[in-house]
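See structure below.
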Amino acid sequence: MRCVESAHDFAAMWDIATPSRPGRLPGVSMAGFRARTTDLVDLGVVPYPAVTVAVDLGDGPLAVDDISGGRQNGSVVVGLAASGVRGRGRDVECLQVRLSPVVAHAVLGVSSELGEMVVSLDDLWGRDAARTQEQLRAAGSWDDRFAIAEAALVRRHAAGRAVEPEVAFVWGQMVTNLGGVRVERLAAEVGWSRKRLWSRFRAQIGLSPKRAAQLVRFDHAAHRLAAGHSAAEVAAEIGYVDQSHLHRDVKAFAGVTPTGVAVAPWLAVDDVAWAAPEYLSKA
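Going by UniProt numbering, the sequence shown opens with residue 1, and the numbers climb by one from there.
Right under this line is the structure:
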């Protein structure tokens with residue numbers, strides 16, 4: 001078994017493909033991953049402010065474990081703030097799609113159930129999941145695969161139910177302000193009570209407004225730490241009360257210390273695979 005212990009090790013393990021043209025759906029990004037090793041890979045996942053769909057295209061089954069001890073084999077959907085998630089497999093090859101939660105609500109058909117969970121794509125898409133996976137496996141290139149995946153996403157998005165404009169606005173404000181927002185102010189801006197915003201946002205995004213704002217801020221902090229900035233610098237820059245506040249948030253989301261996040265293998269390929277955070281989209 002190869003347990004990935006450093007960002008350098010992880011980046012060197014993969015051939016990574018990205019779409020050659022912009023996508024049709026704002027709030028969606030895709031990347032293809034093919035392992036360069038036949039060893040069993042064991043990798044911890046860092047939570048991210050997007051719903052992640054991983055379509056398994058390899059010869060060996062991809063196993064994804066969650067913090068509760070549950071395991072999903074094959075193609076999976078990882079919720080916004082799912083923590084303690086680990087991926088394991090041999091000859092790993094997969095198409096990974098990151099969806100803004102605003103888009104994910106329509107594309108996947110559920111939100112509240114996905115906040116901090118890992119579920120099988122088959123459970124959400126039924127036969128459409130198997131058909132799409134078969135088409136992706138048969139495709140001759142990554143560009144063909146991206147086109148097939150995009151067509152499926154566009155089709156389901158058109159048929160799905162959009163989030164309410166007020167919920168989309170609140171999410172957009174959280175992203176724009178990197179999580180530094182007051183829920184009461186946002187509720188007043190959209191003309192809702194705090195209770196109503198809390199209920200609608202939780203049902204359609206999958207997290208409470210407070211938890212969602214914390215996740216956006218954590219993601220910004222994690223990438224600043226991975227870029228080499230000290231915990232003290234990041235805490236002051238992003239607006240944490242102090243360094244211990246940053247430590248608690250990082251520990252709560254990632255299960256490791258700020259030092260551990262700074263060298264997390266999962267973040268090592270972000271500049272290659274994900275040109276820009278798709279959750280920044282307001283769509």
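Glycine included, every Cβ here is placed at the ideal spot set by N, Cα and C.
Cα separation between residue i and residue j?
i	j	result
residue 80	residue 125	18 Å
residue 100	residue 203	15 Å
residue 13	residue 165	42 Å
residue 149	residue 89	22 Å
residue 47	residue 132	26 Å
residue 39	residue 247	34 Å
residue 199	residue 15	42 Å
residue 228	residue 262	7 Å
residue 254	residue 141	34 Å
residue 271	residue 83	22 Å
residue 296	residue 94	Any question about residue 296 goes unanswered here, given that the chain covers just 1 to 283.
residue 329	residue 18	The requested residue 329 does not occur in the structure, where the chain is confined to residues 1 to 283.
residue 242	residue 144	48 Å
residue 24	residue 155	11 Å
residue 54	residue 97	6 Å
residue 102	residue 233	31 Å
residue 223	residue 268	10 Å
residue 138	residue 236	50 Å
residue 29	residue 77	15 Å
residue 181	residue 217	10 Å
residue 86	residue 192	39 Å
With DSSP as the reference, label residue i as helix, strand or coil.
i	result
residue 50	coil
residue 125	helix
residue 14	strand
residue 239	coil
residue 199	helix
residue 282	Reliability of the predicted coordinates at residue 282 is poor, the pLDDT of 48 falling under 50, and no value is obtained from them.
residue 161	coil
residue 24	coil
residue 270	helix
residue 234	helix
Can you name the start and end residues of the beta strand (DSSP E) that residue i belongs to?
i	result
residue 30	28-35
residue 63	63-65
residue 260	Note, residue 260: premise wrong, no beta strand (DSSP E); alpha helix (DSSP H) at 258-262.
residue 90	It is not in any beta strand (DSSP E) - residue 90 carries neither H nor E in the DSSP assignment.
Closest to residue i by C-alpha separation, out of the options, would be which residue?
i	options	result
residue 92	77, 37, 46 and 18	37
residue 213	263, 249 and 87	249
residue 118	206, 17 and 228	206
residue 184	209, 42, 172 and 177	209
residue 179	268, 239, 234 and 142	239
residue 27	246, 186, 181 and 171	171
residue 72	123, 215 and 224	123
residue 159	257, 116 and 109	109
residue 219	21, 49 and 20	49
Mind checking which residues open and close the alpha helix (DSSP H) that includes residue i?
i	result
residue 178	No alpha helix (DSSP H) holds residue 178; DSSP gives it neither H nor E.
residue 108	101-108
residue 215	209-226
residue 183	183-190
Which whole-angstrom value is the C-beta distance of residue i and residue j, which I expect to be below 8 Å?
i	j	result
residue 75	residue 56	5 Å
residue 274	residue 44	Incorrect: roughly 18 Å between the Cβ atoms, too far for contact.
residue 51	residue 104	4 Å
Please tell me whether, using a cut-off of 8 Å, the distance from the CB of residue i to the nearest non-hydrogen atom of the ligand MN is below it.
i	result
residue 53	Looking for the ligand MN in the displayed structure turns up nothing, as the structure carries no ligands at all.
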